[in-house]
Amino acid sequence: MNRVTEKESNYNHLEKMSIHEVLTNINHEDQSVPDAVKKSIPQIEALTGAIVEKMKKGGRLFYVGAGTSGRLGILDASECPPTFGVPYDWVIGHIAGGDTAIRKAVEFAEDDQKQGWKDLQEYSINEKDVLVGIAASGTTPYVIGALQAANEAGLVTGCVVCNLDSPVAAEAKFPVEVVVGPEFVTGSTRMKAGTAQKLVLNMISTTAMIQLGRVKGNKMVDMQLSNNKLVARGVKIIMDETGATEEQATELLEKHGSVRASIENYRS
Numbered sequence: 063m064n065r066v067t068e069k070e071s072n073y074n075h076l077e078k079m080s081i082h083e084v085l086t087n088i089n090h091e092d093q094s095v096p097d098a099v100k101k102s103i104p105q106i107e108a109l110t111g112a113i114v115e116k117m118k119k120g121g122r123l124f125y126v127g128a129g130t131s132g133r134l135g136i137l138d139a140s141e142c143p144p145t146f147g148v149p150y151d152w153v154i155g156h157i158a159g160g161d162t163a164i165r166k167a168v169e170f171a172e173d174d175q176k177q178g179w180k181d182l183q184e185y186s187i188n189e190k191d192v193l194v195g196i197a198a199s200g201t202t203p204y205v206i207g208a209l210q211a212a213n214e215a216g217l218v219t220g221c222v223v224c225n226l227d228s229p230v231a232a233e234a235k236f237p238v239e240v241v242v243g244p245e246f247v248t249g250s251t252r253m254k255a256g257t258a259q260k261l262v263l264n265m266i267s268t269t270a271m272i273q274l275g276r277v278k279g280n281k282m283v284d285m286q287l288s289n290n291k292l293v294a295r296g297v298k299i300i301m302d303e304t305g306a307t308e309e310q311a312t313e314l315l316e317k318h319g320s321v322r323a324s325i326e327n328y329r330s
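Numbering (the working numbering), first residue to last: 63 to 330.
#1: Which residue from 122, 117, 166 and 121 puts its Cα closest to that of residue 40?
#2: Using the C-alpha atoms, what's the distance from residue 270 back to residue 162?
#3: What are the boundary residues of the beta strand (DSSP E) that residue 124 is part of?
#4: Taking three-plus beta-carbon pairs below 8 Å as touching, is the segment 275 to 292 in contact with the segment 230 to 240?
#5: Going by C-alpha to C-alpha distance, which of 114, 160 and 306 sits closest to residue 268?
#6: Quick one, which of 219, 85, 141 and 63 has its alpha-carbon nearest residue 73's?
#7: What residue ranges within the segment 246 to 328 form continuous alpha helix (DSSP H) runs of no fewer than 4 residues, ordered along the chain?
#8: Could you give the residue range of the beta strand (DSSP E) that holds residue 156?
#9: For the segment 211 to 230 against the segment 188 to 196, do three or more pairs of beta-carbon atoms, one drawn from each stretch, fall closer than 8 Å, so that the two count as touching?
#10: Using only CA atoms, which one of 169, 328, 224 and 63 lies nearest to residue 261?
#11: Give a yes or no on whether the C-beta atoms belonging to residue 303 and residue 281 are separated by under 8 Å.
#12: Excluding the 5 residues preceding and the 5 following residue 203 in the sequence, name in chain order all residues of the same chain whose CB lies nearer than 7 Å to its CB.
#13: How would you call residue 146, buried or exposed, if buried means at least 16 neighbouring beta carbons within 10 angstroms?
#14: Compute the beta-carbon to beta-carbon distance between residue 189 and residue 215, rounded to the nearest angstrom, for a pair I have assumed lies under 8 Å.
#15: Tell me the rounded alpha-carbon separation between residue 92 and residue 117.
#16: Rounding to the nearest angstrom, what Cα-Cα distance links residue 159 and residue 197 in this structure?
#17: Which residue's Cα is closest to the Cα of residue 106: 265, 306 and 295?
#18: In the structure shown, what three-state DSSP assignment does residue 147 receive?
#19: Return the Cβ separation of residue 314 and residue 327 in integer angstroms, given the expectation that the two are a contact with Cβ distance under 8 Å.
#20: For the beta strand (DSSP E) that contains residue 184, what are its first and last residues?
#21: Please return the same chain residues whose Cβ sits closer than 8 Å to the Cβ of residue 102, not counting the five positions on each side in sequence.
#22: Take residue 124 as the anchor and find which of 221, 312 and 201 has the nearest alpha-carbon.
#23: Is the beta carbon of residue 199 sitting closer than 8 Å to the one on residue 65?
#24: Rounded to a whole number of angstroms, what is the C-alpha to C-alpha distance between residue 150 and residue 78?
#25: Among residues of its own chain, excluding the 5 on either side of residue 318, which ones have a beta-carbon nearer than 7 Å to its beta-carbon?
#26: Do residue 80 and residue 244 come within 8 Å of each other at the CB atom, strictly closer than that value?
#27: Applying the criterion that 16 or more other CB atoms from any shown protein chain within 10 Å of the CB defines a buried residue, is residue 279 buried or exposed?
#28: Under 8 Å, Cβ to Cβ, is there at least one residue of chain C near residue 125?
#29: Need the endpoints of the alpha helix (DSSP H) that residue 96 sits in, please.
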């Protein structure tokens, strides 16, 4: 295994750089991330296809990770219900160390190879579901153990890693390997690796939700109307889709409580 995520930065003496130089050099490194993701689209497509197939049959999508990787999984999962109007148990993110670890690192939580699968039992995870392990290095024991147990239990498994030929990828039936190269700060995988993982997770969940019928045209017609901004957006979507006036669209939204229902019931 080639630990690219641990390789020496392409830059040195960072402390001697001006603010402008640091920002410019970080930005230069970040520009390589989308190209790295592009190379992995065939892998992302294979994993997403497997996820969609399972979710169409009532399965759920689980993310499991530690540190930054775990937090990114939780972020992606938590944004699916408000964006696409799906239940909170359709996409579930779990981090080593539990909810405490979302804000504060829990020492050695990622080193227990058996704990990941144990933690997932809280959700009655089963062979109908999909488990995606997220680990920049591809070596996190917590993730490796969870994937091993998931395979034994008959689940579809995938991963998002940033090194080739990693132990995590070896356990995943549908591995996604996005090699972004050395970090600006050596080994700080919250940077380019984290950005790559965020992009991939956005691609997976958004594509899955579109395939599951949670988008109409290019609009979030099933979004939760949880604040004034989203209500205003909902009104605009109804106006754009139906030709209704703002007053009519507002009345429809108040009556039906959802953008999709408002569109479907316009002039019905």
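Here a beta-carbon is modelled for each residue, glycine too, at the ideal position from N, C-alpha and C.
According to the structure data:
#1: No answer is possible for residue 40: the residues shown for the chain start at 63 and end at 330.
#2: Locating residue 162 in the sequence shown gives position 100, where the first residue counts as 1. Locating residue 270 in the sequence shown gives position 208, where the first residue counts as 1. Spanning the two alpha carbons is a distance of roughly 29 Å.
#3: For this step, residue 124 is matched to residue 62 along the sequence shown. Run containing residue 124: 123 to 127, per the beta strand (DSSP E) assignment.
#4: Contact between the segment 275 to 292 and the segment 230 to 240 is absent: fewer than three C-beta pairs spanning the two stretches fall below 8 Å.
#5: In the sequence shown, residue 268 corresponds to position 206, counting from 1. It is 114.
#6: The residue labelled residue 73 in the question sits at position 11 within the sequence shown. When C-alpha distances from residue 73 are compared across 219, 85, 141 and 63, the shortest belongs to 85.
#7: Here the runs fully enclosed are 254 to 273, 290 to 304, 308 to 318 and 321 to 326.
#8: Within the sequence shown, numbered from 1, the residue matching residue 156 stands at position 94. Going by DSSP, residue 156 is part of the beta strand (DSSP E) stretching over 153 to 157.
#9: As far as the Cβ criterion goes, the segment 211 to 230 touches the segment 188 to 196, which means the pair count is three or higher.
#10: Mapped onto the sequence shown, residue 261 falls at position 199. Measuring from the Cα of residue 261, the nearest candidate turns out to be 224.
#11: Position 241 of the sequence shown, counting from 1, holds the residue named residue 303. Position 219 of the sequence shown, counting from 1, holds the residue named residue 281. Yes. Within cutoff.
#12: Within the sequence shown, numbered from 1, the residue matching residue 203 stands at position 141. Non-local beta-carbon contacts of residue 203 in its own chain, meaning distances under 7 Å to residues more than five positions away in sequence, involve 172, 173, 174 and 175 in chain order.
#13: By 1-based counting over the sequence shown, the position of residue 146 is 84. Looking at its Cβ environment, which holds 16 or more other Cβ atoms inside 10 Å, residue 146 is buried.
#14: Numbered from its first residue, the sequence shown carries residue 189 at position 127. Numbered from its first residue, the sequence shown carries residue 215 at position 153. The Cβ separation is near 6 Å, so the contact holds.
#15: Here residue 92 refers to the residue found at position 30 when the sequence shown is read from its first residue. Here residue 117 refers to the residue found at position 55 when the sequence shown is read from its first residue. Straight-line Cα distance between these residues: approximately 33 Å.
#16: By 1-based counting over the sequence shown, the position of residue 159 is 97. By 1-based counting over the sequence shown, the position of residue 197 is 135. One C-alpha to the other measures close to 15 Å.
#17: Here residue 106 corresponds to residue number 44 of the sequence shown, with the count starting at 1. Residue 265 is the option with its Cα nearest to residue 106.
#18: Translated into the one-based positions of the sequence shown, residue 147 becomes position 85. In this structure, DSSP gives residue 147 a state outside helix and strand, which the three-state scheme calls coil.
#19: Your numbering for residue 314 matches position 252 in the sequence shown. Your numbering for residue 327 matches position 265 in the sequence shown. That pair is a contact at about 7 Å.
#20: Within the sequence shown, residue 184 is the residue found at index 122, counting from 1. Premise fails: residue 184 is in no beta strand (DSSP E) and is neither H nor E.
#21: Indexing the sequence shown from 1 puts residue 102 at position 40. Non-local beta-carbon contacts of residue 102 in its own chain, meaning distances under 8 Å to residues more than five positions away in sequence, involve 238, 239, 240 and 262 in chain order.
#22: Numbered from 1 along the sequence shown, position 62 holds the residue referred to as residue 124. Looking at the Cα atoms, 221 is the closest of the given residues.
#23: As a first step, residue 199 must be located in the sequence shown, where it is residue number 137. As a first step, residue 65 must be located in the sequence shown, where it is residue number 3. The answer is yes: Cβ separation under 8 Å.
#24: Counted from its first residue, the sequence shown places residue 150 at position 88. Counted from its first residue, the sequence shown places residue 78 at position 16. Using only the alpha carbons, I get a separation of about 47 Å.
#25: As a working mapping, residue 318 is identified with position 256 in the sequence shown. Around residue 318: 324 and 327.
#26: Here residue 244 refers to the residue found at position 182 when the sequence shown is read from its first residue. Here residue 80 refers to the residue found at position 18 when the sequence shown is read from its first residue. The Cβ-Cβ distance between residue 244 and residue 80 does not fall below 8 Å.
#27: Position 217 of the sequence shown holds residue 279. When all chains shown are included, residue 279 counts as exposed.
#28: Structure shown: chain C not included; a single protein chain is present.
#29: Reading the sequence shown from its first residue, position 34 is the one you call residue 96. Counting along the chain, the alpha helix (DSSP H) containing residue 96 begins and ends at 95 to 101.
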